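Below: the structure, in structure tokens.
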Amino acid sequence: MREAESLREDKPTRYRSTFSRRSLLFRLYRVVQEIQKDTYPGVSQLAEILEVSKRTVNRYIEMLRDDFDAPIVYDRGRGGYYFEESWSMPFPNLTEGETLALLIFLDVIEQFKGTPLEEAFNRLGEKLKLALPDSLKISYEDFEMLLSPFLVPLTMRVDVSKVFGELFRAITDRKRALISYYSFSSRQVTERKVDPYHIYNFEGVWYFCGFCHLREEIRDFALDRVQEVKVLEESFARPPDFSPQEYLNRAFRMYRGEATQIRIRFDSYQSAWIKERIWHPAQEIEELPDGGIIFTIYGHPEEIKRWVIGYGAHAEILEPQYLRKEIAEEIEKLQRIYHNDRK
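In short: position in the sequence shown from 1, add 12, done, that's the numbering used here.
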């Protein structure tokens with residue numbers, strides 16, 4: 013009698029398992045992988061590898077035989093299982109949306125080039141590609157013809173892999189870090205002790221946010237401007253109310269800190285483009301009789317100023333007055349540049 017048959021009477025009705033479907037499929041794949049090694053693993057060995065009970069392993073064997081038609085045979089002499097013929101576990105049926113999501117994930121891996129996670133993501137990507145059934149396999153060239161899921165990330169001139177790795181370790185171990193950081197605003201390199209909280213990517217550039225002991229507030233730091241980093245033995249406690257997503261959502265795009273209510277009038281030509289997107293969760297839009305809108309946002313004045321200037325004559329700052337004046341001065345400078353006859 014096969015080893016698994018002794019527990020057939022305990023088989024639950026269509027798998028009332030405590031595992032989620034995703035976790036169950038993963039464990040079934042692990043069983044298949046171990047048997048494919050031709051080492052004849054037994055129930056005890058599989059239970060130890062998967063960290064489950066022997067009863068659960070027997071249930072997995074039954075599922076593979078009954079629901080996936082796996083040709084699993086128990087060899088009494090060797091005390092373990094093997095496949096009596098070549099067999100691989102079929103990939104679960106995917107919807108078009110799920111297939112697209114998987115292909116996009118494989119494309120996202122490109123954003124981790126130059127970080128310590130690059131190798132791990134590449135290995136995961138290769139495994140996923142191998143797991144795809146032939147009907148879903150697609151070349152990179154074909155995928156490019158099908159879809160461009162993201163803007164092409166900026167290519168950094170500085171290798172941030174070492175800095176990324178050190179900060180990743182500091183965040184994981186809750187250790188303070190001493191960094192030498194070049195600031196664009198001051199054009200100087202300063203040494204700062206920081207409590208690193210979170211690493212994130214914005215438009216292809218890697219940043220980390222954390223408590224800066226020099227400025228005594230949470231600041232953002234670009235990894236490519238961190239010239240040196242040293243993980244200290246000092247531990248820190250991250251504030252219990254700190255949420256990375258809430259923190260990142262405070263900014264209109266990237267700038268955080270100083271936030272001001274800013275009102276912008278967009279004409280009827282540009283308003284259609286502005287209205288069809290959610291630029292920030294806290295934005296407000298007021299419709300005007302002429303088809304234009306008044307767009308209200310809380311944001312960093314410098315960042316909003318750059319954004320508004322990009323729309324040229326189609327956008328006008330209404331408030332605050334000081335920001336309106338700054339844009340007027342910027343326009344005067346542009347007029348002097350472009351009206352200056354250079355011969």
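Just so it is clear, CB atoms sit at the ideal spot from N, CA and C, and this is done for glycine as well. Keep in mind it's a predicted model, so treat the numbers as computed, not measured.
> Could you give the C-beta distance for Tyr93 and Pro53, rounded to a whole number, given that I count them as a contact under 8 Å?
Replying inline: As a working mapping, residue 93 is identified with position 81 in the sequence shown. As a working mapping, residue 53 is identified with position 41 in the sequence shown. Indeed they touch by this definition, with Cβ atoms about 6 Å apart.
> At what residues does the alpha helix (DSSP H) containing Trp99 begin and finish?
Replying inline: For the purposes of this step, residue 99 is taken as the residue at position 87 of the sequence shown. Run containing Trp99: none; DSSP gives neither H nor E here.
> Assuming Asp207 contacts Gly222 under a Cβ cut-off of 8 Å, what Cβ separation, rounded to an integer in Å, is found between them?
Replying inline: Walking along the sequence shown from the start, residue 207 turns up at place 195. Walking along the sequence shown from the start, residue 222 turns up at place 210. 5 Å between Cβ atoms; contact.
> Excluding the five sequence neighbours on either side, which residues of its own chain have a C-beta within less than 8 Å of the C-beta of Gly322, listed in chain order?
Replying inline: Position 310 of the sequence shown, counted from the first residue, corresponds to residue 322. Answer for Gly322: no residue qualifies.
>> Among the candidates Ala59, Leu62, Gln48, Gln57, whose CA atom is the shortest distance from the CA of Met101?
In response: For the purposes of this step, residue 101 is taken as residue 89 along the sequence shown, with counting starting at 1. Taking only the C-alpha atoms, the option nearest Met101 is Gln48.
> In three-state DSSP terms, what is Glu342?
Replying inline: Against the sequence shown, residue 342 aligns to sequence position 330. It is helical.
>> I need the DSSP call for Lys242, collapsed to helix, strand or coil.
In response: If you number the sequence shown from 1, residue 242 lands on position 230. If DSSP states are grouped into helix, strand and coil, Lys242 belongs with the strands.
> Touching or not, the stretch 283-296 and the stretch 231-246, by the rule of three or more beta carbon pairs under 8 Å?
Replying inline: no
> When DSSP labels each residue in this structure, what does Arg237 get in the three-state scheme?
Replying inline: By one-based count along the sequence shown, residue 237 stands at place 225. Note: Arg237 maps to helix in three-state DSSP.
> Would DSSP call Ser192 helix, strand or coil?
Replying inline: The residue you call residue 192 lines up with position 180 of the sequence shown. It is a strand residue.
> Per DSSP, what kind of secondary structure is Ser247 in: helix, strand or coil?
Replying inline: Residue mapping note: residue 247 aligns to position 235 of the sequence shown, counting from 1. Residue state, collapsed to three classes: strand.
> Three-state secondary structure (DSSP) at Tyr323?
Replying inline: By 1-based counting over the sequence shown, the position of residue 323 is 311. If DSSP states are grouped into helix, strand and coil, Tyr323 belongs with coil.
>> So, under 8 Å CB-CB, Arg250 and Arg186 are touching, yes? Tell me the CB distance rounded to an integer number of Å.
In response: On the sequence shown, position 238 is the one that residue 250 refers to. On the sequence shown, position 174 is the one that residue 186 refers to. Between Arg186 and Arg250 the Cβ distance is about 7 Å, and since that is below 8 Å, they are a contact.
>> Using only the alpha-carbon positions, how far apart do Ser56 and Tyr41 sit?
In response: Start at 1 with the first residue of the sequence shown, and residue 56 comes out as number 44. Start at 1 with the first residue of the sequence shown, and residue 41 comes out as number 29. Going by the C-alpha atoms only, they are around 17 Å apart.
>> Relative to the C-alpha of Ile274, which candidate in Glu314, Asp253, Phe248 has its C-alpha closest?
In response: Here residue 274 refers to the residue found at position 262 when the sequence shown is read from its first residue. Nearest C-alpha to Ile274: Glu314.
> When burial is assigned at 16 or more other CB atoms within 10 Å of the CB, is Thr68 buried or exposed?
Replying inline: Numbered from 1 along the sequence shown, position 56 holds the residue referred to as residue 68. Burial call: buried.
> Alpha carbon to alpha carbon, how far is Arg204 from Ser195?
Replying inline: Here residue 204 corresponds to residue number 192 of the sequence shown, with the count starting at 1. Here residue 195 corresponds to residue number 183 of the sequence shown, with the count starting at 1. Those two C-alpha atoms are separated by around 11 Å.
>> From the DSSP secondary-structure annotation, give me the bridge partner or partners of Ile305.
In response: Residue numbering aside, residue 305 sits at position 293 when the sequence shown is read from its first letter. Bridge partners of Ile305: Phe278, Glu299.
> Helix or strand or just coil, what does DSSP make of Ile290?
Replying inline: Position 278 of the sequence shown, counted from the first residue, corresponds to residue 290. Coil at Ile290, not helix or strand.
> Excluding sequence positions up to five away, which residues of its chain have a Cβ less than 7 Å from the Cβ of Arg318?
Replying inline: For the purposes of this step, residue 318 is identified with residue 306 of the sequence shown, where counting begins at 1. Answer for Arg318: no residue qualifies.
>> My parser needs the alpha helix (DSSP H) runs of 4 or more residues fully inside the stretch 173-220; what are they?
In response: 173-185
> How about Val170 and Thr127: do their beta carbons lie closer than 8 Å?
Replying inline: In the sequence shown, the residue the question calls residue 170 occupies position 158. In the sequence shown, the residue the question calls residue 127 occupies position 115. No, Cβ-Cβ distance for Val170 and Thr127 is not below 8 Å.
> Apart from the five residues just before and just after Gln295, which ones in its own chain have a Cβ nearer than 8 Å to its Cβ?
Replying inline: For the purposes of this step, residue 295 is identified with residue 283 of the sequence shown, where counting begins at 1. Hits under 8 Å: Phe307, Thr308, Ile309.
>> Whole angstroms are fine: how far does the CA of Glu270 sit from the CA of Val320?
In response: Start at 1 with the first residue of the sequence shown, and residue 320 comes out as number 308. Start at 1 with the first residue of the sequence shown, and residue 270 comes out as number 258. Cα to Cα, the separation comes out at about 18 Å.
>> Could you compute how far the alpha carbon of Lys174 sits from the alpha carbon of Tyr209?
In response: Within the sequence shown, residue 174 is the residue found at index 162, counting from 1. Within the sequence shown, residue 209 is the residue found at index 197, counting from 1. Taking the straight line joining both Cα atoms gives about 18 Å.
>> In whole angstroms, give me the CA-to-CA distance for Glu331 and Arg277.
In response: In the sequence shown, residue 331 corresponds to position 319, counting from 1. In the sequence shown, residue 277 corresponds to position 265, counting from 1. One C-alpha to the other measures close to 10 Å.
> How should Ile183 be labelled, buried or exposed, when 16 other C-beta atoms within 10 angstroms of its C-beta is the threshold for buried?
Replying inline: As a first step, residue 183 is located in the sequence shown; it is residue number 171 there, counting from the start. By the 10 Å Cβ count, Ile183 comes out buried.
> If you follow the beta strand (DSSP E) that Tyr94 is part of, which residue opens it and which one closes it?
Replying inline: As a first step, residue 94 must be located in the sequence shown, where it is residue number 82. Per DSSP, Tyr94 belongs to the beta strand (DSSP E) from 92-95.
> Between the Cα of Leu260 and the Cα atoms of Ser280, Ser283, Asp232, Asp79, which residue gives the shortest distance?
Replying inline: Taking the first residue of the sequence shown as 1, we reach residue 260 at position 248. If we check each option's Cα against that of Leu260, Asp232 comes out closest.
> Helix, strand or coil: how does DSSP classify Tyr310 here?
Replying inline: If you number the sequence shown from 1, residue 310 lands on position 298. Reduced to three states, the DSSP call for Tyr310 is strand.
>> The beta strand (DSSP E) that contains Tyr86, what's its start and end?
In response: Locating residue 86 in the sequence shown gives position 74, where the first residue counts as 1. Element bounds for Tyr86: 84-87.
>> Can you look up Glu131 in the DSSP assignment and give me helix, strand or coil?
In response: Residue 131 sits at position 119 when you count from the first residue of the sequence shown. In this structure, Glu131 counts as helix in the three-state DSSP scheme.
> Alpha carbon to alpha carbon, what distance is there between Ser255 and Gly304?
Replying inline: Residue 304 sits at position 292 when you count from the first residue of the sequence shown. Residue 255 sits at position 243 when you count from the first residue of the sequence shown. Taking the straight line from one Cα to the other gives about 36 Å.
> In the DSSP assignment, what are the bridge partners of Asp81?
Replying inline: On the sequence shown, residue 81 is found 69 positions in, with the first residue counted as 1. Per DSSP, none; premise fails for Asp81.
> Going by other Cβ atoms of all chains shown within 10 Å of its Cβ, with 16 needed for buried, is Glu298 buried or exposed?
Replying inline: Counting from 1 along the sequence shown, the entry for residue 298 is found at position 286. Classification for Glu298: exposed.
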